[in-house]
Amino acid sequence: MNRLHRFFRTPEAIAGALILALLVAMALAASLLFPGDPQAIAGPALLPPFQDWSLPLGTDRLGRDVLAELFHGARTSLAVGLAAAAAALLIGTVVGTLAGFAGGLIDEVLMRITDAFQTVPGFLLALAFVSIVGPSLGVVVVAIALSAWTGPARVARAEVLSIRERDYVAGARVIGMHPIAIAFREVLPNALPPVLALSSVIVAAAILTEAALSFLGLGDPNRVTWGGMIAEGRTVLRTAPYLSIVPGIALVLTVLGVYLAGEGVVESSAVRRSLS
Amino acid sequence: MPELTISRRGLLAGSALLLASTALPAIGRAQAPKKGGRLIVAADSEPRNLNPAIVASNGVFFISSKVVETLAEASFDGKDGLEPRLALSWEGAADGLSVTFKLRDGVKWHDGKPFTSADVAFSALQVWKPLQNLGRTVFKDLVAVDTPDNLTAVFKFAKPTPFQLIRNALPALSSVVPKHVYENGKIEDNPANNAPVGTGPFKFAEYKAGQYYRLAKNADYWGMDEPYLDEIVYQVLPDRTSAAAALEAEEIQLAAFSAVPLADLDRISKVPGLKVVTKGYEGLTYQLVVEINHRRKELADLKVRQAIAHAIDEDFVVKTIFLGYAASATGPVPKNDPQFYTADVPTYPFDVAKANNLLDEAGYKRADDGKRFTLKLLPAPYFNETKQFGDYLRQALAAIGVDAEIVNNDSAAHIKAVYTDHAFDLAVGPPVFRGDPAISTTILVQSGIPDGVPFSNQGGYKNAELDALIAKASETLDTAARTELYREFQKKVAADLPLINVAEWSFISVARDTVGNIANNPRWAVSNWADTYLAR
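In structure tokens form, the structure reads like this:
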């Protein structure tokens, strides 16, 4: 309760939380408000926004309802963003904890692999991966996770390096706990907070990467994605700019919301740390 | 597309046509075309091999047809739709075993050597027949080319070959390359494939990868006073949206092959100084086709194929996807073909209820979730319109309870998936009709084609009757009888639906008002542009 209170102290955090709440509501309500396939043809093609109130945001090149696409697109963006971030955090913390706790050769090997991944630009890696395996939602999630896990791995390792020298870890060793158990039950939980602070950055980056992949035609073609909507709208940018602008704004707001909320979390935990 | 209802789009399309028609008399009035000047053209792709004798495709012709000439070019009012280029006349023997070409005198290659019948013989036997994508089929029975003198070439065939086919093939398949440049070494690896040497009005001057191709005037060209232009520069603009902006900024003067997206034409036709030209592509008709994999047991059932044909609203495709710049199709020969087209074929009007009934009759009832079966749909990535039609087809199939899952691939992966691996149920393809069904159309339904041949029947369709008809037509010499056989062919294809022809479309050019003599033949964009000029 106290923590929540602290979280909502800054206006940024409130704004971020509001945007995120709206986004989650959109994603959840998508099937209720717009049942059926959002890609179904609903009206005349290229209807501008605010002309026909049954299609408030107008229609695209084929006559699909832009508002329905926007709602269902929120679902894809959120799902991909969260799943990719969760996967990246999971891989990253496991690798980082193992490397930091084991040290020696294992540390060297794992960190050199991390370096290797880090030297390849993340987006390029995702692009190559998707174009080889073929675009589908699962593949896109894995591709983004592949390019995003190195950050959490490095942070987790740094935290673990300092934590493993603490007395309670030594204590656990003395009572004969298995090293793996010490690593994941004693060290990892304490190393997590700074790693989780990275999550907002990763979610935001994942949403953007997904949009960029879809923009290049490497998203799942059977789902609506904001990036795909922008790409579709690009061919008629001069005649129907709203087709690119509407999903573009949605994308900007989402990323902004995730950042602001993340910032709020970091700040509230910083306050707590300085208090304690 | 006869259409009497007045819509905003119809009016706009009409006004665009009107605009084009007002531009035409202006071209006619210009008594003496101006000489000189540099024409800057948008190019959307950079073909690696620029030898049109090997790669007979529009992307290559767009640049190379100004450098390397054919024996004859398509024409709006010439006899048999042809006008002479390197050949002055052509005569087929009654037995179909030979065709005699009389060649133009006084023609020089760009390197100064004289053009002779030996070059034609070399091109036909060493390049068109063994190496060219289209020539392999058309010239398969060519055994020798006799050269009694420097200006006569006699093509000899092992089996009777219809003269009509050879005639129809001349504009696209007969690019003549110089023997003295190609005779040593492997033809495919010859450096002239990337810097072609020909007899055309323009010499290949320079290529900067990712930037431009430059062609310079050939002062020794055989045409009187031609060419008018000093230079043609092809500015590489791979992004389709940038062509319109470049035209408006006067950075380029011409964007052919619909480099300006259809959706932008309404707007751009109102920009002063620019004209939208829909003519000049009559000989380059693309067909929007649903390719079917007959190995799937559902699709092997004629009723299912008929249901799919009934589920497609051709009117929607023409008006919404092609914005009216297309026509609905009835069969494998496009409506604008003057020789072979027949409207007397079974048709499949848009009727969702009927499609649903057909599927019920075929025994594919809807399951509890409303779906009958699932298909993999691969839209070809070459055109925006083929991709959009893929999205539309998915919706059209959903309406009849067929769940289509779209698989997107890049060009290379698409060709491999469809034509080599057969990893598709339905595919959307844009085959080209090239003036004669035997050139690139019958191959779409004929059986016995080896795996991996792109743009051929790779759907496992086999119909002995249709195969026999195609074989018979390929050796029928009489033009009327041959034409009749191809009408029969259209009926059979429309009845049995080895593939579904949805629409036919061509391209649009947008040019500055100052560019003269454009669109004056049915293959204008890929012709030699000797008489194109810039009025300043």
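As you go down the protein sequences, you meet chains A and B in turn. This note's numbering runs 38 ahead of the 1-based position in the first sequence. This note's numbering runs 7 ahead of the 1-based position in the second sequence. Every residue, glycine too, gets a C-beta built ideally from N, C-alpha and C. Being a predicted model, the structure only gives us computed values, none of them experimental.
**Message:** For A:P279, would you say it is in contact with chain B, using Cβ-to-Cβ distances shorter than 8 Å as the test?
**Reply:** Position 241 of the first sequence holds residue 279 of chain A. Chain B contact via Cβ: absent.
**Request:** Indicate whether at least one CB of chain A lies closer than 8 Å to the CB of B:I299.
**Result:** Here residue 299 of chain B corresponds to residue number 292 of the second sequence, with the count starting at 1. No, its Cβ sits nowhere closer than 8 Å to a Cβ of chain A.
**Alpha-carbon to alpha-carbon, B:G287 and B:S534** = Here residue 534 of chain B is taken as the residue at index 527 of the second sequence, counted from 1. Here residue 287 of chain B is taken as the residue at index 280 of the second sequence, counted from 1. So the two alpha carbons sit approximately 10 Å from each other.
**Message:** Between B:V127, B:N201, B:T107, which has its C-alpha nearest B:Y220's C-alpha?
**Reply:** Residue numbering aside, residue 220 of chain B sits at position 213 when the second sequence is read from its first letter. That would be B:N201, whose Cα lies nearest to the Cα of B:Y220.
**Item:** Rounded separation between A:L254 and B:T521 - CA only
**Value:** As a working note, residue 254 of chain A is residue 216 in the first sequence. As a working note, residue 521 of chain B is residue 514 in the second sequence. C-alpha separation (whole angstroms): 37 Å.
**Message:** Let's see if you can read the secondary structure: which residues bound the alpha helix (DSSP H) around A:G265?
**Reply:** By one-based count along the first sequence, residue 265 of chain A stands at place 227. Looking at the DSSP string, the run of the alpha helix (DSSP H) that includes A:G265 is 264–272.
**Asked** Buried or exposed: where does A:A200 fall if 16 or more other Cβ atoms within 10 Å of its Cβ makes it buried?
**Response** The residue you call residue 200 of chain A lines up with position 162 of the first sequence. Note on identity: in this sequence residue 200 of chain A is Ser, with Ala being the wrong assignment. Exposed is the call here.
**Item:** Length of the line joining the Cα atoms of A:L246 and A:G111
**Value:** As a first step, residue 246 of chain A is located in the first sequence; it is residue number 208 there, counting from the start. As a first step, residue 111 of chain A is located in the first sequence; it is residue number 73 there, counting from the start. A:L246 and A:G111: Cα-Cα distance of roughly 13 Å.
**Message:** Determine whether the beta carbon atoms of B:I194 and B:L222 lie at a separation below 8 Å.
**Reply:** Residue 194 of chain B sits at position 187 when you count from the first residue of the second sequence. Residue 222 of chain B sits at position 215 when you count from the first residue of the second sequence. Going by C-beta atoms, B:I194 is not nearer than 8 Å to B:L222.
**Request:** Compute the beta-carbon to beta-carbon distance between B:V352 and B:A501, rounded to the nearest angstrom, for a pair I have assumed lies under 8 Å.
**Result:** One-based indexing of the second sequence puts residue 352 of chain B at position 345. One-based indexing of the second sequence puts residue 501 of chain B at position 494. With a Cβ gap of about 4 Å, B:V352 and B:A501 count as contacting.
**Message:** Give me the subset of the segment 63–80 of chain A whose CB atoms are less than 7 Å from a CB atom of chain B, sorted by chain position.
**Reply:** D75, Q77, A78, I79
**Message:** Going by the DSSP bridge assignment, what does A:T97 pair with across the sheet?
**Reply:** For the purposes of this step, residue 97 of chain A is identified with residue 59 of the first sequence, where counting begins at 1. Answer is A:D103, bridged to A:T97.
**Message:** For a contact defined as C-beta to C-beta under 9 Å, what are the partners of B:N58 on chain A?
**Reply:** Residue mapping note: residue 58 of chain B aligns to position 51 of the second sequence, counting from 1. Those within 9 Å of B:N58 in chain A number zero; the least Cβ separation is about 30 Å.
**Item:** Residue interval of the beta strand (DSSP E) (run including B:L506)
**Value:** As a working note, residue 506 of chain B is residue 499 in the second sequence. Residues 506–512.
**Asked** If you measure from the beta carbon of A:L289 to each beta carbon in chain B, is any gap under 8 Å?
**Response** Counted from its first residue, the first sequence places residue 289 of chain A at position 251. No, A:L289 lies away from the interface with chain B (no Cβ there is under 8 Å from its Cβ).
**Request:** Taking B:D474 as part of the alpha helix (DSSP H), name the residues at either end of that continuous run.
**Result:** What you label residue 474 of chain B is simply residue 467 of the second sequence in a count that begins at 1. Looking at the DSSP string, the run of the alpha helix (DSSP H) that includes B:D474 is 471–481.
**Request:** Could you confirm whether any beta carbon from chain B is found closer than 8 Å to the beta carbon of A:T111?
**Result:** Numbered from its first residue, the first sequence carries residue 111 of chain A at position 73. Checking the sequence, you will find Gly at residue 111 of chain A rather than Thr. No, its Cβ sits nowhere closer than 8 Å to a Cβ of chain B.
**Asked** Where B:A30 and B:G43 are concerned, what is the direct C-alpha to C-alpha distance, given to the nearest angstrom?
**Response** Your numbering for residue 30 of chain B matches position 23 in the second sequence. Your numbering for residue 43 of chain B matches position 36 in the second sequence. In this prediction, B:A30 has a pLDDT of 47, which is less than 50 and means its spatial position is unreliable; what the coordinates show is noted afterwards. Cα-Cα distance, rounded: 21 Å.
**Item:** Simplified DSSP state of B:L549, which is helix, strand or coil
**Value:** There is no way to answer for residue 549 of chain B, as the model of chain B reaches only from 8 to 543.
**Request:** Would you kindly check if the distance between the Cβ of B:G290 and the Cβ of B:R92 is under 8 Å?
**Result:** Within the second sequence, numbered from 1, the residue matching residue 92 of chain B stands at position 85. Within the second sequence, numbered from 1, the residue matching residue 290 of chain B stands at position 283. No, the pair does not count as a contact, with Cβ atoms beyond the cut-off.
**Request:** Just mark A:L116 as buried or exposed, buried being the case when its beta carbon has 16 or more other beta carbons within 10 Å.
**Result:** To locate residue 116 of chain A, count along the first sequence from 1; it is residue 78. A:L116 is buried by the Cβ-count criterion.
**Message:** Which residues in chain B have a C-beta closer than 7 Å to the C-beta of A:A83? List them in chain order.
**Reply:** Residue 83 of chain A sits at position 45 when you count from the first residue of the first sequence. Those within 7 Å of A:A83 in chain B are T327.
**Message:** What residue range does the beta strand (DSSP E) around B:F162 cover?
**Reply:** For the purposes of this step, residue 162 of chain B is taken as the residue at position 155 of the second sequence. Here the beta strand (DSSP E) through B:F162 covers 159–164.
**Item:** Residues of the segment 380–396 of chain B whose Cβ lies closer than 7 Å to any Cβ of chain A, in chain order
**Value:** N391, Q395
**Message:** Please identify, using Cβ separations under 7 Å, the residues of the segment 359–376 of chain B that lie next to chain A, in order along the chain.
**Reply:** none
**Prompt:** Taking buried to mean at least 16 other C-beta atoms within 10 Å of its own C-beta, is A:R47 buried or exposed?
**Reply:** Taking the first sequence and counting its residues from 1, one reaches residue 47 of chain A at position 9. It is exposed - the Cβ of A:R47 has fewer than 16 other Cβ atoms within 10 Å.
**Item:** chain B within 8 Å of A:T247, Cβ atoms only
**Value:** Looking up residue 247 of chain A in the first sequence gives position 209. No, A:T247 does not count as interfacial toward chain B.
**For B:Q294, the three-state DSSP class (helix, strand or coil)** = By one-based count along the second sequence, residue 294 of chain B stands at place 287. Note: B:Q294 maps to strand in three-state DSSP.
**Request:** Would you kindly report the start and end of the unbroken alpha helix (DSSP H) that includes A:I170?
**Result:** Sequence index remark: in the first sequence, residue 170 of chain A carries index 132 (1-based). 160–171 is the span of the alpha helix (DSSP H), which, as asked, contains A:I170.
**Request:** Could you check how far apart the C-beta atoms of B:W396 and B:V340 are, in whole angstroms? I think they sit under 8 Å.
**Result:** Mapped onto the second sequence, residue 396 of chain B falls at position 389. Mapped onto the second sequence, residue 340 of chain B falls at position 333. At residue 396 of chain B the sequence reads Phe, which differs from the Trp that was named. The pair is not a contact, with the Cβ atoms about 20 Å apart (cut-off 8 Å).
**Message:** For A:R223, count the other beta carbons within 10 Å of its own beta carbon; 16 or more makes it buried, fewer makes it exposed. Which is it?
**Reply:** One-based indexing of the first sequence puts residue 223 of chain A at position 185. Exposed.
**Opening and closing residue of the beta strand (DSSP E) in which B:S105 lies** = Position 98 of the second sequence, counted from the first residue, corresponds to residue 105 of chain B. 105–110 is the span of the beta strand (DSSP E), which, as asked, contains B:S105.
**Asked** In chain order, what residues of the segment 257–278 of chain B put their CB closer than 8 Å to some CB of chain A?
**Response** P268, A270, D271, D273, R274
**Asked** Given that a residue counts as buried once 16 or more other Cβ atoms are within 10 Å of its Cβ, and exposed if not, what is B:A532?
**Response** Counted from its first residue, the second sequence places residue 532 of chain B at position 525. Classification of B:A532: buried, given that the 10 Å Cβ count is 16 or more.
**Request:** Check whether the Cβ atoms of B:V439 and B:L261 sit closer than 8 Å, and answer yes or no.
**Result:** In the second sequence, counting from the first residue as 1, residue 439 of chain B sits at position 432. In the second sequence, counting from the first residue as 1, residue 261 of chain B sits at position 254. Their beta carbons are not under 8 Å apart, which means B:V439 does not touch B:L261 by this criterion.
**Asked** Where does B:A537 fall in DSSP's three states?
**Response** As a working mapping, residue 537 of chain B is identified with position 530 in the second sequence. It is coil, neither helix nor strand.
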